[in-house]
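Heads up: the structure comes next, in structure tokens.
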Amino acid sequence: GNRFDPTKVRVMDIYDTKNDPLAKVMRHELRVRNIKDLQVCCSIEAPIKPIEYPDEEQEKAVKWSIPGSTAFVPPVAGITLAAEVVRQITNFDPNNRK
Numbered sequence: 002g003n004r005f006d007p008t009k010v011r012v013m014d015i016y017d018t019k020n021d022p023l024a025k026v027m028r029h030e031l032r033v034r035n036i037k038d039l040q041v042c043c044s045i046e047a048p049i050k051p052i053e054y055p056d057e058e059q060e061k062a063v064k065w066s067i068p069g070s071t072a073f074v075p076p077v078a079g080i081t082l083a084a085e086v087v088r089q090i091t092n093f094d095p096n097n098r099k
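Going by our numbering, the sequence shown opens with residue 2, and the numbers climb by one from there.
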């Protein structure tokens, strides 16, 4: 969550992810289960810090704050993941287009 730049969405191994608290928890659980690789779709962008509210509003804001992204980042992640699935099914190598 808290990502803004859709051009930073990538497909990579979960063990190569950074700046992602959920991926950190998942990496731990995967190690416990001896899973050595897992392709994921994620953003290489560092999360944007939430807006700081004045003291009297901060307590309410923290209670209700959730990680968010701009409206166009999640769809880009879905399209990126769909393209990767098609590449894997068809064995398409974009670097070898002869």
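C-beta: ideal position from N, C-alpha, C; glycine also.
Just so we're clear, the structure is a prediction, and the values are computed from it rather than from any experiment.
So residue i and residue j are supposed to be a Cβ contact under 8 Å. How far apart are they, rounded?
i: D14; j: C43; result: No, D14 and C43 are not in contact; Cβ-Cβ is about 10 Å, not under 8 Å.
i: R4; j: P48; result: 7 Å
i: E46; j: D94; result: Their Cβ separation, rounded to whole angstroms, is 27 Å, which puts E46 and D94 out of contact at 8 Å.
Given that a residue counts as buried once 16 or more other Cβ atoms are within 10 Å of its Cβ, and exposed if not, what is residue i?
i: V74; result: buried
Measure the CB-CB distance between residue i and residue j and report whether it falls below 8 Å.
i: V12; j: Q40; result: yes
i: V10; j: T81; result: yes
i: R28; j: Y16; result: yes
i: T2; j: G79; result: Checking the displayed sequence, the identity of residue 2 turns out to be Gly instead of Thr. No, Cβ-Cβ distance for G2 and G79 is not below 8 Å.
Between which two residues does the beta strand (DSSP E) harbouring residue i extend?
i: R11; result: 10 to 14
i: S70; result: Careful: S70 lies outside any beta strand (DSSP E) and carries neither H nor E.
Taking the continuous alpha helix (DSSP H) assigned at residue i, which residues delimit it?
i: R32; result: 22 to 33
Kindly examine the ligand ADP and report whether one of its heavy atoms sits closer than 7 Å to the Cβ of residue i.
i: A83; result: Of ligands this structure carries none, so the ligand ADP is not represented either.
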